[in-house]
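Structure first, commentary second.
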Amino acid sequence: MAVMTYREALNLALREEMHRDPRVFVIGEEVGLYQGAYKVTQGLLEEFGPERIVDTPIAESGFTGIGIGAAMVGLRPVVEMMTFNFALLALDQIVNSAAKMNYMSGGQYNIPIVIRGPGGPAAQLAAQHSQSMETYFYHVPGLKVVRPSTPADAKGLLKAAIRDDNPVIFIESETLYALKGEVPDDPDFVIPLGQGIVRREGTDVTVVAYMGMLYRALEAAEELAVEGISVEIVDPRTLRPMDTELILASVRKTHRAVVVEAGAGFAGMGSEIAACITEQGFDELDAPVERVTGESAPMPYARNLEKAKTPSKEKIVAAIRRVCYANGNGS
Amino acid sequence: MPRTPLEPRFTIEHLSILDSDGNLDTALEPDLPADELKRLYRAMLLGRRLDERMVRLQRQGRIGTFAPIKGQEASQLGSVSTLRPTDWMVPSFRETAAMIWRGWPIDKLLLFFAGFLEGGQPAPAQHDLGITIPVATQLPHAVGLAYAAQYRGEDAVVMAFFGDGATSEGDFHEAANFAGVWHVPVVFVCQNNQWAISVPLKKQTHSRTIAQKALAYGFPGIQVDGNDVLAVHAASREAVERARAGGGPTLIECVTYRLGVHTTADDPTKYRTDEEVAEWARKDPLTRFTEYLRKKNLLEDGLEAQVDAEIAEAIRRFEATPPPDPLAIFAHAYAELPPDVAAQRRELAERLQAPPPRRADEEHPPAPPMRGQRMTRR
Ligand SMILES: Cc1ncc(C[n+]2csc(CCOP(=O)(O)OP(=O)(O)O)c2C)c(N)n1
Ligand SMILES: [Mg+2]
Numbered sequence: 001m002a003v004m005t006y007r008e009a010l011n012l013a014l015r016e017e018m019h020r021d022p023r024v025f026v027i028g029e030e031v032g033l034y035q036g037a038y039k040v041t042q043g044l045l046e047e048f049g050p051e052r053i054v055d056t057p058i059a060e061s062g063f064t065g066i067g068i069g070a071a072m073v074g075l076r077p078v079v080e081m082m083t084f085n086f087a088l089l090a091l092d093q094i095v096n097s098a099a100k101m102n103y104m105s106g107g108q109y110n111i112p113i114v115i116r117g118p119g120g121p122a123a124q125l126a127a128q129h130s131q132s133m134e135t136y137f138y139h140v141p142g143l144k145v146v147r148p149s150t151p152a153d154a155k156g157l158l159k160a161a162i163r164d165d166n167p168v169i170f171i172e173s174e175t176l177y178a179l180k181g182e183v184p185d186d187p188d189f190v191i192p193l194g195q196g197i198v199r200r201e202g203t204d205v206t207v208v209a210y211m212g213m214l215y216r217a218l219e220a221a222e223e224l225a226v227e228g229i230s231v232e233i234v235d236p237r238t239l240r241p242m243d244t245e246l247i248l249a250s251v252r253k254t255h256r257a258v259v260v261e262a263g264a265g266f267a268g269m270g271s272e273i274a275a276c277i278t279e280q281g282f283d284e285l286d287a288p289v290e291r292v293t294g295e296s297a298p299m300p301y302a303r304n305l306e307k308a309k310t311p312s313k314e315k316i317v318a319a320i321r322r323v324c325y326a327n328g329n330g331s
Numbered sequence: 332m333p334r335t336p337l338e339p340r341f342t343i344e345h346l347s348i349l350d351s352d353g354n355l356d357t358a359l360e361p362d363l364p365a366d367e368l369k370r371l372y373r374a375m376l377l378g379r380r381l382d383e384r385m386v387r388l389q390r391q392g393r394i395g396t397f398a399p400i401k402g403q404e405a406s407q408l409g410s411v412s413t414l415r416p417t418d419w420m421v422p423s424f425r426e427t428a429a430m431i432w433r434g435w436p437i438d439k440l441l442l443f444f445a446g447f448l449e450g451g452q453p454a455p456a457q458h459d460l461g462i463t464i465p466v467a468t469q470l471p472h473a474v475g476l477a478y479a480a481q482y483r484g485e486d487a488v489v490m491a492f493f494g495d496g497a498t499s500e501g502d503f504h505e506a507a508n509f510a511g512v513w514h515v516p517v518v519f520v521c522q523n524n525q526w527a528i529s530v531p532l533k534k535q536t537h538s539r540t541i542a543q544k545a546l547a548y549g550f551p552g553i554q555v556d557g558n559d560v561l562a563v564h565a566a567s568r569e570a571v572e573r574a575r576a577g578g579g580p581t582l583i584e585c586v587t588y589r590l591g592v593h594t595t596a597d598d599p600t601k602y603r604t605d606e607e608v609a610e611w612a613r614k615d616p617l618t619r620f621t622e623y624l625r626k627k628n629l630l631e632d633g634l635e636a637q638v639d640a641e642i643a644e645a646i647r648r649f650e651a652t653p654p655p656d657p658l659a660i661f662a663h664a665y666a667e668l669p670p671d672v673a674a675q676r677r678e679l680a681e682r683l684q685a686p687p688p689r690r691a692d693e694e695h696p697p698a699p700p701m702r703g704q705r706m707t708r709r
């Protein structure tokens, strides 16, 4: 184990996979000479050369489509989006080509591509730069969607994504790049896609959360522990395919669930998880599933407004109290 | 300081070798062997006869909607015939003749247009992509294939097809820009058939030619008479050879005309005149190539009947294909079967095997649920 940042863990995953498999290459804006807008590709141009660390014109649809073309003939591109907000310019390529090519070609052209970059709210990046883009992608059959919350997960999941034979949407977070944690050195350490993890064990309520919201939920859990409410926190890690078994197992233990997500709630991840718990675990529930989500408005620029739009620890605490009927008035 | 011209003035060439009156520019006539000419002619004829037959099959409800090629045979075949099997062909949605040239069996194409998944499945060694519907989105794929060929040190060339309307899409420009910057072996073949559904070329672009768009991206563009198979072949051969030799991409604009409907769901009489169609029918690529071969004494007797028999046989095979297994929808949704998809597959399999559901008017219909009624398993 080595202690490193989330950013370094991603970099290590890329480096190890590029050494392991000559078909892996990185393509995107500023990935080479500039070492990545967020320095995730630091040192890779020097190590692997411009054929494998490919700086591109500013053309998200173009270089995503090029990645798809290269993937069809067996290369394994890792496409970097400067931020996932810009992946909207490549949405047709991702949804109509990457996700469908294997199906439409009767299995002849699978698309082992990884599309990665930061997404979700950060610090004052405002309306067009702070969106939680996973919702746009996990709806689409044919795509896998990953949101790694820790440095170890960043490494293990990125390696799994690169080795996966499907298009994988891999959304990191600007707020986590500097986060430090223990990361296994083993070059064969991979975390299979579709496996969630219990981040904190508890008995009274299940909270499902990932990325920045995971850390806020952990704080909420600490606060509630003082009051005697024992919170279990599940991090799905992969949003599609989702480890619903892990979530349901936790709910069978706690009989209550709260889902936290940074993005707007309407048709969000919380809706999907709440539906899943209702369909498969209705009888286990002692309270309706609660969702704690971002407000339904574009992300404001001002710091205080940004705070108001994003789920706070207080909101999470309040939701947990509600499902535990512990809001002080006995109701 | 004066204004100084930075570049020499660009020029765009138009290439025509065999015109609609049968005049031949012998200096430019490509030295195609007789066998090659005969093969091209047969493919054009087959393309035409199949297209006409497919329109009838569609009208009879035996296949679904498709985009006919009538009038565009020379553009497709003159170009695709310059590829090697190891090169790549990237079609849009109107390249039936080119696809058959590349080895798609006719019955497989019919299966495709009848909605069978296997119709879209290229043979394992076939270097062709399938039909793409979102206009121009196949063009970045073509550049990706070329990049992959370069990456692996292979000398494959990629030929990508698209229409005049497609040149307004961002993906066309992004693909062309990448191809220029990276100098990859791609030949962009634009079948300028004058119409994008009901939108005429002059409403699609204010450029004098489509070919000149290549110049902005730093590679050659040429306009050819797209109804002249010899001109298309000559321009394509030059472009393919240049690409293979490391000379980078080319844009070929084939000036042609869609003599038929946009798709079988379209009625072009609503937006274009009979006179215009008649004018272009006079420039039919097949007529002038027939005359050319007649003069060379290369026309084979009974070819039409032979081609029709081949088509009839393919239709027979196509229609003898049993209906597809509904469970096939899950087979290639992912490279493997993820748990949630596997669960849905199981459920559909059970549903397909289950007896039909009971009807409400049967002997003992289940009682409707009462308000407040709840069955729990806990
Ligand atoms: C991205 C996208 N927009 C719109 C359409 C609908 N559409 C299908 S074909 C077509 C016209 C295409 O014209 P052109 O590129 O000239 O090709 P042609 O049909 O003439 O062969 C349009 C608008 C589509 N398939 N994809
Ligand atoms: Mg057109």
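Chains Y and U supply the protein sequences, listed in that same order. Sequential numbering from 1 applies to the first sequence in this note's numbering. Sequential numbering from 332 applies to the second sequence in this note's numbering. From the three backbone atoms N, C-alpha and C, an ideal C-beta is built for every residue, glycine too. Predicted model, so just to flag it, every value in this text is computed and none were measured.
_Sub-9 Å separation of H386(U) and S423(U) beta-carbons_ = A small correction: the amino acid at residue 386(U) is Val; His does not occupy that position in the sequence shown. In this structure, S423(U) does not lie closer than 9 Å to V386(U) by Cβ.
*Nearest-angstrom Cα distance between R384(U) and L590(U)?*
Straight-line Cα distance between these residues: approximately 15 Å.
*From R390(U) to D605(U), what distance separates their C-alpha atoms?*
If you take the alpha carbons of R390(U) and D605(U), they lie about 22 Å apart.
*Beta carbon of D495(U): closer than 8 Å to some heavy atom of ligand 4?*
Among the ligands in the structure shown, ligand 4 does not appear; only ligand 1 and ligand 2 can be found there.
*asked:* Going by C-alpha to C-alpha distance, which of V198(Y), K100(Y) and A319(Y) sits closest to V168(Y)?
replied: Nearest to V168(Y) by alpha-carbon distance, out of V198(Y), K100(Y) and A319(Y), is K100(Y).
*According to a CB-to-CB cut-off of less than 7 Å, which residues of the stretch 505-531 of chain U neighbour chain Y?*
Hits within the stretch, in order: E505, A506, N508, F509 and V512.
*Where do the ends of the alpha helix (DSSP H) carrying T135(Y) lie?*
Judged by DSSP secondary structure, T135(Y) falls within the alpha helix (DSSP H) whose first and last residues are E134 to Y138.
*For a contact meaning CB atoms closer than 8 Å, what does I68(Y) contact in chain U?*
Simply P471, H472 and G475.
*Could you please tell me which residues of the stretch 32-60 of chain Y, in chain order, have their CB closer than 9 Å to any CB of chain U?*
Residues passing the 9 Å Cβ filter: E51, R52, V54, T56, P57, A59 and E60.
*Of the choices A37(Y), N85(Y), E8(Y) and P141(Y), whose alpha-carbon is the least far from that of A673(U)?*
Distance from the Cα of A673(U) is smallest, within the candidate group A37(Y), N85(Y), E8(Y) and P141(Y), for P141(Y).
*DSSP state of E30(Y), grouped into three classes?*
The answer is coil: DSSP assigns E30(Y) none of H, G, I, E or B.
*Is it the case that the Cβ atoms of A122(Y) and T175(Y) are separated by a distance below 9 Å?*
Cβ distance < 9 Å, so A122(Y) and T175(Y) count as in contact.
_Could you check whether the Cβ of W419(U) sits closer than 8 Å to any heavy atom belonging to ligand 1?_
Because no heavy atom of ligand 1 lies under 8 Å away, the Cβ of W419(U) does not count as near it: no.
_Given 8 Å as the limit, tell me if A527(U) has its C-beta closer than that to any heavy atom belonging to ligand 2._
Result yes, Cβ under 8 Å from ligand 2.
*8 Å CB neighbourhood of N329(Y) in its chain, flanking five on each side removed*: Because the pLDDT at N329(Y) is just 49, under 50, the model does not fix this residue reliably, and the value given afterwards should be weighed accordingly. Taken in chain order, the list of residues that qualify is empty.
*Would you please verify whether the beta carbon of E681(U) is less than 9 Å from any beta carbon of chain Y?*
No, its Cβ sits nowhere closer than 9 Å to a Cβ of chain Y.
*Hey, is R589(U) close to ligand 2, as in C-beta under 8 Å from one of its heavy atoms?*
Within the cutoff, so yes.
_Strictly under 9 Å for the Cβ-Cβ distance: is V26(Y) near chain U by that measure?_
Look at V26(Y): its C-beta is not under 9 Å from any C-beta on chain U.
*Determine the DSSP secondary structure at K144(Y), reduced to helix, strand or coil.*
Here K144(Y) sits in strand by DSSP.
_Cβ shell of A319(Y) (< 6 Å), same chain only, five flanking positions each side left out_ = Hits under 6 Å: V258, E290 and V292.
*asked:* Any C-beta of chain U within less than 9 Å: which residues of the stretch 66-94 of chain Y qualify?
replied: Taking a C-beta cut-off of 9 Å against chain U, the contacting residues of the stretch 66-94 of chain Y are I66, G67, I68, G69, A70, A71, M72, V73, G74, L75, P77, L89, D92 and Q93, listed in chain order.
*Evaluate contact between the stretch 246-255 of chain Y and the stretch 195-209 of chain Y, counting only Cβ atoms and requiring at least three cross-stretch pairs below 8 Å.*
Touching, yes, given that three or more Cβ pairs across the two stretches are closer than 8 Å.
*asked:* Against chain U, does P97(Y) count as a neighbour if the rule is that its beta carbon must be under 9 Å from one of theirs?
replied: Per the sequence presented here, residue 97(Y) reads as Ser, with Pro not at that position. True, the Cβ-Cβ gap to chain U drops below 9 Å.
*C-alpha gap between D459(U) and R23(Y), whole angstroms*: Rounded to the nearest angstrom, the gap between the Cα atoms of D459(U) and R23(Y) is 21 Å.
*Beta-carbon proximity list for E295(Y), same chain, < 6 Å, skipping 5 on both sides*: Cβ contact annotation for E295(Y) (same chain, cutoff 6 Å, sequence separation greater than five): K309, in chain order.
*Do you know how far the Cα of G409(U) is from the Cα of I348(U)?*
When rounded, the separation of the alpha-carbon atoms in I348(U) and G409(U) is 12 Å.
*Is the Cβ of P112(Y) closer than 9 Å to any Cβ of chain U?*
Chain U contact via Cβ: present.
*Output yes if chain Y places a C-beta closer than 9 Å to the C-beta of A666(U); else output no.*
At least one chain Y Cβ lies under 9 Å of A666(U).
_Check whether chain Y comes within 9 Å of G446(U), counting only Cβ atoms and requiring the distance to be less than that._
Chain Y, which has no Cβ nearer than 9 Å to the Cβ of G446(U), makes this no.
*Apply the 10 Å Cβ neighbour rule to M706(U) and answer buried if 16 or more other Cβ atoms are within range, or exposed otherwise.*
Taking all protein chains in view, the Cβ of M706(U) is surrounded by fewer than 16 other Cβ atoms within 10 Å, so the residue is classified as exposed.
*Given a limit of 7 Å on CB to CB distance, which residues of the stretch 233-262 of chain Y reach chain U?*
Taken in chain order, the members of the stretch 233-262 of chain Y whose beta-carbon sits within less than 7 Å of a beta-carbon on chain U are P241.
*Any heavy atom of ligand 1 closer than 8 Å to the CB of S130(Y)?*
Checking every heavy atom of ligand 1 against the Cβ of S130(Y), none is found closer than 8 Å.
*Looking at the C-beta of D502(U), does it have a partner C-beta in chain Y at a distance below 9 Å?*
Judged by the 9 Å Cβ criterion, D502(U) is in contact with chain Y.
*For the alpha helix (DSSP H) containing L679(U), list its first residue and its last residue.*
First-last of the alpha helix (DSSP H) with L679(U): P670 to Q684.
*Is R425(U) near ligand 1, judged by its Cβ being under 8 Å from some heavy atom?*
Between ligand 1 and the CB of R425(U), the shortest heavy atom gap is smaller than 8 Å.
*Residues bridged to H345(U) (per DSSP)*: In the DSSP output, where bridge partners are listed per residue, H345(U) has Q554(U).
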